Amino acid sequence: MSTSRIQHVIDPAETPGTLVPAGADPILKATAIQKYFGENHVLRGASMTVWPRETIAILGRSGSGKSTFLRCLNFLEEPSAGVVEIGGFAVVASPFETRNKEYKEHIRQLRLNASMVFQEFNLFPHLSVLSNLTEAPVHVKGVPHKEAVERGEAYLEKVGMIDKRDEFPNRLSGGQRQRVAIARALNMEPKVLLFDEPTSALDPSLVGEVIQVMESLAHEGRTMIVVTHEMQFAREAADRVYFMDQGVFAEIGGPEQVIDNPRDERTKLFLSRFLNAG
Amino acid sequence: MSIGSSTVDQGGADLGALIRESERRRTIRWRTWFVITWMTILTAMTLFIVFIVGVDETLITKYFWYIVGGGIGLTIFVSITSIALAILFATLGALGRLSRNPIFNGLASFYVSLVRGTPLLLQILFIYLALPQLGIVLPELLCGILALGFNYGAYMTEVFRAGIQAVPPGQTEAAQSLGMTGRTTFTKIVLPQAFRIVLPAIGNDFISMLKDSSLVSTIGVQELLWRARLVGTKEFAAIQTLLIAAAVYWVMTIGFSYVQARLEKRMAQGDRAVSR
């Protein structure tokens, strides 16, 4: 879109993680994102910088705006103001042009760089597991069907779901569905994976299998941004943790800081309540 | 068995069997009476026809094939083409009703309101009798199909709209997050799911259409009812010929209802969720 009027500023607390190649440029820059729902000012200028091969965890109370922020990154929620740049492709929020064709096409291009995994899986129930994976690459990116199938099978193998390639989603457990959803996101070969509370809709007994897949992706250097309540995952896998409170990031830092030694009073309060409740 | 004992004595196993046996008997008794009721009515009707009205074998051999053989084909043809046309109208109508464009939306809602607010018979007559006044003369069969399709399309518009809206918004979000355009999202993700939701309704409408197609006999389409009426008047045997037509409609309806039930059952099986 037009040249950005807002300058992206890297927070001093944002330092590249351990897997980031030396001298690499950020792969995702979200700058001063704001979002209004009617009169409700949900995001009040939240910014984030992510380098390739990093895993980012976003924590916060429900209603703090963390899911909204994540959904603004691929414009499923259109930001009221701000800029999102992924893989060098930037879209400036233009809330008065939401029906503009060119603007919609820019948003679609941005989405090709970032695939999302949802809390409620949102698998396509009328398609088999494998077709869930191949539908978008074939129809959106024009990948030859054979190639999409081969790659899709490789990703199903990776998430341990290759046995179920011809099943329909309704015949799978929640954990299995979420693993297929992750493979579906991977098969688009995005630059960034977005996870919106991927284990919150699961039975406690099924959380582990999904977390295990996500941890292995984090360790092999997939760039991931994860909104989660799973402290253990954030501690083990995240390069950086962002704590959101009332529409801004109140604290940014490594998990050893934000989770184990929070400096911000709001983070401390959240964690004490969260850990006591959990 | 002593009072307060927490164990069940050996009679317990028999008790369960006795209850099951009594339930089974009750079911059988119910079904028996149900079938007897049907059979009684059918027998009474047959006796009425045979002994009061009389069966004229020469009349039947002369006209049966003319009424049934010639009529069924045309009735089914009219029903199928009309329902196909109605599906087309309903898809366009539903898209209009869901459109954010006020003109498309207005057009679609006007169509639905007008068609639902006037009698089907009037619509058939209008296309057949009124259009020639404007210089548009169409063959009867085409007039009938157009009118039926136009009419059913309006009712189905609302059904299709509800079906499209019944697809969870998460499906659209998932499709869009994968970079699908609005059009691809609609044709590849939303429409196939909406179609499954409205399939039972389409089946019901088709069965209604089989019977409503008889209305086109009023404009001279030579389908089942038209033939039954012609022969009945000519031979002064309307009871016989109309009953033949009624029986044919009835059998067709039962047949298609059965097919529809089977179809729905099969689709429900494919959809059955395994608890997570």
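In the order they appear, the protein sequences are chains B and X. First residue of the first sequence: 1101, per our numbering; consecutive thereafter. First residue of the second sequence: 81, per our numbering; consecutive thereafter. C-beta: ideal position from N, C-alpha, C; glycine also. Only a predicted model underlies this, so the values are computations on that prediction, with no experimental measurement involved.
Between which two residues does the alpha helix (DSSP H) containing L279 (chain X) stretch? Within the second sequence, numbered from 1, the residue matching residue 279 (chain X) stands at position 199. Run containing L279 (chain X): 271-292, per the alpha helix (DSSP H) assignment.
With a threshold of 7 Å between beta carbons, is Q245 (chain X) in contact with chain B? Position 165 of the second sequence, counted from the first residue, corresponds to residue 245 (chain X). False, the Cβ-Cβ gap to chain B never drops below 7 Å.
Exposed or buried, N181 (chain X), counting other C-beta atoms within 10 Å across all chains shown (16 or more means buried)? Within the second sequence, the letter at position 101 stands for residue 181 (chain X). Flag for N181 (chain X) reads exposed.
Where G1165 (chain B) and L1210 (chain B) are concerned, what is the direct C-alpha to C-alpha distance, given to the nearest angstrom? The sequence position of residue 1165 (chain B) within the first sequence is 65, counting from 1. The sequence position of residue 1210 (chain B) within the first sequence is 110, counting from 1. The straight-line gap from Cα to Cα measures roughly 21 Å.
Leaving out five residues on either side along the sequence, give the residues of the same chain with a beta carbon under 8 Å from the beta carbon of F1218 (chain B). Here residue 1218 (chain B) is taken as the residue at index 118 of the first sequence, counted from 1. Excluding residues within five positions, the ones whose Cβ falls inside 8 Å are A1281, D1296, P1298.
Report the residues of the stretch 1205-1216 of chain B with a CB closer than 7 Å to any CB of chain X, ordered along the chain. R1208, R1211, L1212, S1215, M1216
For the candidate residues B:P1121, B:L1230, B:V1259, B:K1258, whose alpha-carbon lies nearest to that of H1245 (chain B)? Reading the first sequence from its first residue, position 145 is the one you call residue 1245 (chain B). Comparing Cα positions, the closest option is B:L1230.
Please state the DSSP three-state secondary structure of I1359 (chain B). Locating residue 1359 (chain B) in the first sequence gives position 259, counting from the first residue. Of the three classes helix, strand and coil, the one that applies to I1359 (chain B) here is coil, per DSSP.
Cα-Cα separation between K1135 (chain B) and Q1346 (chain B), rounded to whole angstroms: By 1-based counting over the first sequence, the position of residue 1135 (chain B) is 35. By 1-based counting over the first sequence, the position of residue 1346 (chain B) is 246. Cα-Cα distance, rounded: 12 Å.
Is there at least one Cβ from chain X nearer than 7 Å to E1220 (chain B)'s Cβ? Within the first sequence, numbered from 1, the residue matching residue 1220 (chain B) stands at position 120. Closer than 7 Å: yes.
Chain-ordered chain X contacts of M1324 (chain B) [CB-CB under 8 Å]: Within the first sequence, numbered from 1, the residue matching residue 1324 (chain B) stands at position 224. What M1324 (chain B) touches in chain X: nothing, since even the nearest Cβ is about 15 Å away.
Give the straight-line distance between the Cα atoms of R1445 (chain B) and L200 (chain X), rounded to the nearest whole angstrom. Since the first and last residues shown for chain B are 1101 and 1378, residue 1445 (chain B) lies out of range.
Taking any Cβ of chain B, which residues in the stretch 237-271 of chain X have a Cβ under 7 Å from it, in chain order? G250, Q251, E253, A254, Q256, S257, L258, G259, M260, T261, T264, K268, I269
Alpha carbon to alpha carbon, how far is F184 (chain X) from S1305 (chain B)? Give it in angstroms, no decimals. Position 205 of the first sequence, counted from the start, is the residue given in the question as residue 1305 (chain B). Position 104 of the second sequence, counted from the start, is the residue given in the question as residue 184 (chain X). In a straight line, the C-alpha of S1305 (chain B) is about 50 Å away from that of F184 (chain X).
Taking a cut of 8 Å between CB atoms, which residues from the stretch 272-286 of chain X lie near chain B? P272, Q273, R276
For P1355 (chain B), which residues of its own chain have a beta-carbon under 6 Å away from its beta-carbon, when the five flanking residues on both sides are left out? Counting from one through the first sequence, the residue named residue 1355 (chain B) turns up at place 255. Counting only Cβ-Cβ distances below 6 Å, and skipping sequence neighbours, we find A1334, R1335, A1338, V1341.
Spatial neighbours of I129 (chain X) within its chain, please: CB distance less than 8 Å, with the 5 preceding and 5 following residues excluded, ordered by chain position. In the second sequence, residue 129 (chain X) corresponds to position 49, counting from 1. So the qualifying residues of the chain are V135, I319, Q320, L323.
Put N231 (chain X) into one of helix, strand or coil per three-state DSSP. As a working mapping, residue 231 (chain X) is identified with position 151 in the second sequence. It is helical.
DSSP state of K1241 (chain B) mapped onto helix, strand, coil: Here residue 1241 (chain B) refers to the residue found at position 141 of the first sequence. Reduced to three states, the DSSP call for K1241 (chain B) is coil.
Give me the DSSP bridge partner(s) of L1345 (chain B). Residue numbering aside, residue 1345 (chain B) sits at position 245 when the first sequence is read from its first letter. Sequence inspection shows Asp at residue 1345 (chain B); the Leu mentioned does not correspond to that position. The partner list for D1345 (chain B) (beta bridge, DSSP) reads B:V1348.
Excluding the 5 residues preceding and the 5 following R177 (chain X) in the sequence, name in chain order all residues of the same chain whose CB lies nearer than 6 Å to its CB. In the second sequence, the residue the question calls residue 177 (chain X) occupies position 97. Closer than 6 Å at the Cβ level, and outside the excluded window around R177 (chain X), lie A188, R241.
Suppose you measure from the CA of F131 (chain X) to the CA of G151 (chain X); what does that come to, to the nearest Å? By one-based count along the second sequence, residue 131 (chain X) stands at place 51. By one-based count along the second sequence, residue 151 (chain X) stands at place 71. C-alpha separation (whole angstroms): 27 Å.
Just to confirm, are L1302 (chain B) and R1322 (chain B) a CB contact at a threshold of 7 Å? By one-based count along the first sequence, residue 1302 (chain B) stands at place 202. By one-based count along the first sequence, residue 1322 (chain B) stands at place 222. No, the pair does not count as a contact, with Cβ atoms beyond the cut-off.
Reference S1320 (chain B), options B:N1376, B:V1240, B:L1119, closest by Cα: Residue numbering aside, residue 1320 (chain B) sits at position 220 when the first sequence is read from its first letter. Residue identity differs from the one stated: residue 1320 (chain B) is Glu in this sequence, not Ser. When each option's Cα is compared against that of E1320 (chain B), the closest is B:L1119.
How do the stretch 188-197 of chain X and the stretch 246-260 of chain X stand: do at least 3 beta-carbon pairs fall below 8 Å, yes or no? no
Classification of Y208 (chain X) by the beta-carbon crowding that lies within 10 angstroms, buried from 16 upward: Translated into positions along the second sequence, residue 208 (chain X) becomes position 128. Under this definition Y208 (chain X) is a buried residue.
Inter-residue spacing [alpha-carbon to alpha-carbon] between P1152 (chain B) and M236 (chain X): For the purposes of this step, residue 1152 (chain B) is taken as residue 52 along the first sequence, with counting starting at 1. For the purposes of this step, residue 236 (chain X) is taken as residue 156 along the second sequence, with counting starting at 1. If you take the alpha carbons of P1152 (chain B) and M236 (chain X), they lie about 51 Å apart.
Using a threshold of 7 Å, state whether the C-beta atoms of R1284 (chain B) and N1213 (chain B) are closer than that. The residue labelled residue 1284 (chain B) in the question sits at position 184 within the first sequence. The residue labelled residue 1213 (chain B) in the question sits at position 113 within the first sequence. The answer is no: Cβ separation not under 7 Å.
What does E1390 (chain B) reach in chain X if we use C-beta pairs closer than 7 Å? This structure leaves residue 1390 (chain B) out entirely; chain B is present only between 1101 and 1378.
Please decide whether H1239 (chain B) counts as near chain X, where near means a Cβ-Cβ distance under 7 Å. Residue numbering aside, residue 1239 (chain B) sits at position 139 when the first sequence is read from its first letter. It does: the Cβ of H1239 (chain B) has a partner Cβ on chain X nearer than 7 Å.
Residues in the same chain with beta-carbon distance under 6 Å from A325 (chain X), minus the five sequence neighbours each way, listed in chain order, please. Counting from one through the second sequence, the residue named residue 325 (chain X) turns up at place 245. The answer, listed in chain order, is L304, L305, A308.
First and last residue of the uninterrupted beta strand (DSSP E) at L178 (chain X): Residue 178 (chain X) sits at position 98 when you count from the first residue of the second sequence. Premise fails: L178 (chain X) lies in the alpha helix (DSSP H), 150-178, not in any beta strand (DSSP E).
In the structure shown, what three-state DSSP assignment does R342 (chain X) receive? For this step, residue 342 (chain X) is matched to residue 262 along the second sequence. It is helical.
Taking only beta-carbon positions, decide if H1329 (chain B) is within less than 7 Å of chain X. In the first sequence, residue 1329 (chain B) corresponds to position 229, counting from 1. So no, H1329 (chain B) is outside the interface.
Between the C-alpha atoms of L172 (chain X) and G243 (chain X), what's the straight-line distance to the nearest angstrom? Position 92 of the second sequence, counting from 1, holds the residue named residue 172 (chain X). Position 163 of the second sequence, counting from 1, holds the residue named residue 243 (chain X). Rounded to whole angstroms, L172 (chain X) to G243 (chain X) spans 14 Å at the Cα level.
Meets three-Cβ-pair contact criterion under 8 Å: the stretch 1193-1212 of chain B and the stretch 1169-1176 of chain B: yes
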